[in-house]
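Chemist: The numbering of the sequence shown is our numbering, which starts it at 131 and goes up by one.
Backbone N, C-alpha and C define an ideal beta-carbon position, used for all residues, glycine too.
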Amino acid sequence: MEVGGPASAPGARPARRGRTKEKKNEDDEAKEQVKLLLQDGNHHVVKFTKGITRQDVADVDVLITSVEMIARKHDNNFTAEDFVPLHQLTTAAVNDSPIQQSMKFHLRATILEICRVLQVIKKAKEIVCYMRASGLNQKLEGGTLKLEVNGFLAERNKAALSLNDSDLAIMDDMIPLLEVFERAVEAFEAEKQPTVQHVLPQFKLLTRATSPKPTDSPTIANLRRLMAWQLKDKFAPNITMRQKLGTLFSPQFKSLANLLSAEEIAEVHALQDADSSDDEYATLVDAPTPETVVKDEVDMYVELSVTIGKNKGFDLLQWWKEHEKDFPILSHVVRMILATPASSAASERHFSTAGHLITDRRTRLAPDTVNAILFLHDFLKKSGVDKLSSAA
131 MEVGGPASAP GARPARRGRT KEKKNEDDEA KEQVKLLLQD GNHHVVKFTK
181 GITRQDVADV DVLITSVEMI ARKHDNNFTA EDFVPLHQLT TAAVNDSPIQ
231 QSMKFHLRAT ILEICRVLQV IKKAKEIVCY MRASGLNQKL EGGTLKLEVN
281 GFLAERNKAA LSLNDSDLAI MDDMIPLLEV FERAVEAFEA EKQPTVQHVL
331 PQFKLLTRAT SPKPTDSPTI ANLRRLMAWQ LKDKFAPNIT MRQKLGTLFS
381 PQFKSLANLL SAEEIAEVHA LQDADSSDDE YATLVDAPTP ETVVKDEVDM
431 YVELSVTIGK NKGFDLLQWW KEHEKDFPIL SHVVRMILAT PASSAASERH
481 FSTAGHLITD RRTRLAPDTV NAILFLHDFL KKSGVDKLSS AA
């Protein structure tokens, strides 16, 4: 019995040393986890190198998990309704650790600012819907927006929708930014002219518009950064070869041809060669000698000096029709490229019209009748006859 007692004491020291070493490894692991959380170049977050404990990691994990739970309610997106819970969650407490304070400051400066913008947009939509539904929009005299709208809302017990100075400041800052996106949407959804050539130029314009400006408020600066990230993540990877070719074959944008890689330029030449090989009679003619080979039409087009003024009424289809004799083969390729729509908005509008036409009380319309009605509706809309008849 006595032998066992002293023998257990020496064995206790290695156990304590093992626990100390294990705790040190856990702390090192905690520091690495926090460093991973703090990378991404956030200048709001202090880069801690010492003093990080497992409790710090646990606190940060609880904070981030709470933010994620709010986002999961809307398919991993934040909405205007999330402003209040996020504001409460990111409010600094007296007993917060330095890393908690830093993380909360970062969240308030990024996510919370974006939710504030969404909150203003939602309020603006609600005001517009109410003003239209009540007919108050017809009573607006073009005076100060805040005084007129808030006055109408106060008279009808809708003061909760009133705009304050902070709302108006955010709206004033957002309007110039959103106007750039509105022009892009209009270019993509046009029906009477080709649209595929606008994809690459509009992407460049949107990228420029979403670059933070020195005069931006913190809210708008964060909004621009978020939009720029969305453009880079979702827009840029989906720009196809056909859309790049549409830009190349538009004389007003062909200076952007240097954005095409050597492989893409080779593909353009291959398209031209494939189109020219469709002529069966060409096989009956002897191959031309090097002295009679006509210069490549793609190179001729790229080198062509085209002067186009700032007139927005430039007709791309008319230009190619006038130069069809100069580029007999290339013009056929261009027809295929320019026939590609930049968006599906036009076809979706036709489906929407068909949905209004085929109702529960009109389910026995023959397919030919539906097609004829949709054709006439589209023709009258594009020709402006419906506007003339309504004006008469």
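Using CA atoms only, rank isn't needed, just tell me which of R491, W359 and A396 is closest to L375.
Modeler: As a working mapping, residue 375 is identified with position 245 in the sequence shown. For L375, the nearest C-alpha among the options comes from A396.
Chemist: Starting from the C-beta of M217, find all residues in its chain whose C-beta is less than 7 Å away, skip the five residues before and the five after it, and write them out in chain order.
Modeler: The residue you call residue 217 lines up with position 87 of the sequence shown. The identity of residue 217 in the sequence shown is His, whereas the question assumes Met. Within the same chain, H217 has close Cβ partners L242.
Chemist: Tell me which residue opens and which closes the alpha helix (DSSP H) that T240 is part of.
Modeler: Here residue 240 corresponds to residue number 110 of the sequence shown, with the count starting at 1. No alpha helix (DSSP H) contains T240, which DSSP labels as neither H nor E.
Chemist: Classify T489: buried if its beta carbon has 16 or more other beta carbons within 10 angstroms, exposed otherwise.
Modeler: Position 359 of the sequence shown, counted from the start, is the residue given in the question as residue 489. It is exposed - the Cβ of T489 has fewer than 16 other Cβ atoms within 10 Å.
Chemist: Pairing CB atoms from the segment 461-476 with CB atoms from the segment 322-341, are three or more of them under 8 Å?
Modeler: yes
Chemist: So is K234 buried or exposed if we call it buried at 16+ other beta carbons inside 10 Å?
Modeler: Mapped onto the sequence shown, residue 234 falls at position 104. The residue in question, K234, is buried, as its Cβ has 16 or more Cβ neighbours within 10 Å.
Chemist: With DSSP collapsed to three states, give me the class of T493.
Modeler: Within the sequence shown, numbered from 1, the residue matching residue 493 stands at position 363. Coil.
Chemist: To the nearest angstrom, how far is it from the Cα of M304 to the Cα of I369?
Modeler: As a position in the sequence shown, residue 304 is number 174, starting the count at 1. As a position in the sequence shown, residue 369 is number 239, starting the count at 1. M304 and I369: Cα-Cα distance of roughly 26 Å.
Chemist: Give the secondary structure of A320 by DSSP, where H, G and I count as helix, E and B as strand, and everything else as coil.
Modeler: Walking along the sequence shown from the start, residue 320 turns up at place 190. Three-state DSSP puts A320 in coil, outside helix and strand.
Chemist: Going by the CB atoms, is the gap between E427 and L460 shorter than 7 Å?
Modeler: Position 330 of the sequence shown, counted from the start, is the residue given in the question as residue 460. Position 297 of the sequence shown, counted from the start, is the residue given in the question as residue 427. Contact: yes.
Chemist: Where do the N-terminal and C-terminal ends of the alpha helix (DSSP H) with F383 fall, by residue?
Modeler: Within the sequence shown, residue 383 is the residue found at index 253, counting from 1. Secondary structure note for F383: it is in no alpha helix (DSSP H), with a DSSP letter that is neither H nor E.
Chemist: Where does F87 land, buried or exposed, given buried means 16+ other C-beta within 10 angstroms?
Modeler: Outside the displayed span of the chain (131 to 522) sits residue 87, for which this structure offers no information.
Chemist: Specify the secondary structure class of T345 as computed by DSSP and reduced to three states.
Modeler: Residue 345 sits at position 215 when you count from the first residue of the sequence shown. Reduced to three states, the DSSP call for T345 is coil.
Chemist: Expressed to the nearest angstrom, what Euclidean distance is found between the alpha-carbon atoms of S435 and H453?
Modeler: The sequence position of residue 435 within the sequence shown is 305, counting from 1. The sequence position of residue 453 within the sequence shown is 323, counting from 1. Distance between the alpha carbons of S435 and H453 is about 13 Å.
Chemist: Looking only at its own chain, which residues have a Cβ that is under 8 Å from the Cβ of S292, when we skip the five neighbours before and after it?
Modeler: Translated into the one-based positions of the sequence shown, residue 292 becomes position 162. V279, N280, L283 and A284, listed in sequence order.
Chemist: For R465 and T340, I'd like the C-alpha separation in whole angstroms.
Modeler: Walking along the sequence shown from the start, residue 465 turns up at place 335. Walking along the sequence shown from the start, residue 340 turns up at place 210. Looking at the two C-alpha atoms, the distance is approximately 33 Å.
Chemist: Under 7 Å, do D189 and Q249 count as touching if we go by C-beta distance?
Modeler: Counted from its first residue, the sequence shown places residue 189 at position 59. Counted from its first residue, the sequence shown places residue 249 at position 119. Against a cut-off of 7 Å, the Cβ pair of Q249 and D189 comes out as no contact.
Chemist: Taking the alpha helix (DSSP H) that K451 belongs to, which residues open and close that run?
Modeler: Indexing the sequence shown from 1 puts residue 451 at position 321. It spans L446 to E452 - the alpha helix (DSSP H) in which K451 sits, taken as one unbroken run.
Chemist: Leaving aside the five residues before and after E198 along the sequence, list all residues of the same chain whose C-beta is less than 7 Å from its C-beta, in chain order.
Modeler: To locate residue 198, count along the sequence shown from 1; it is residue 68. So the list is empty, once near-sequence residues are dropped.
Chemist: Please report the straight-line C-alpha distance between D429 and D346, rounded to a whole angstrom.
Modeler: The residue labelled residue 429 in the question sits at position 299 within the sequence shown. The residue labelled residue 346 in the question sits at position 216 within the sequence shown. The straight-line gap from Cα to Cα measures roughly 44 Å.
Chemist: By how many angstroms is the C-alpha of I244 removed from the C-alpha of T209?
Modeler: Here residue 209 refers to the residue found at position 79 of the sequence shown. Here residue 244 refers to the residue found at position 114 of the sequence shown. Each residue's alpha carbon lies about 9 Å from the other.
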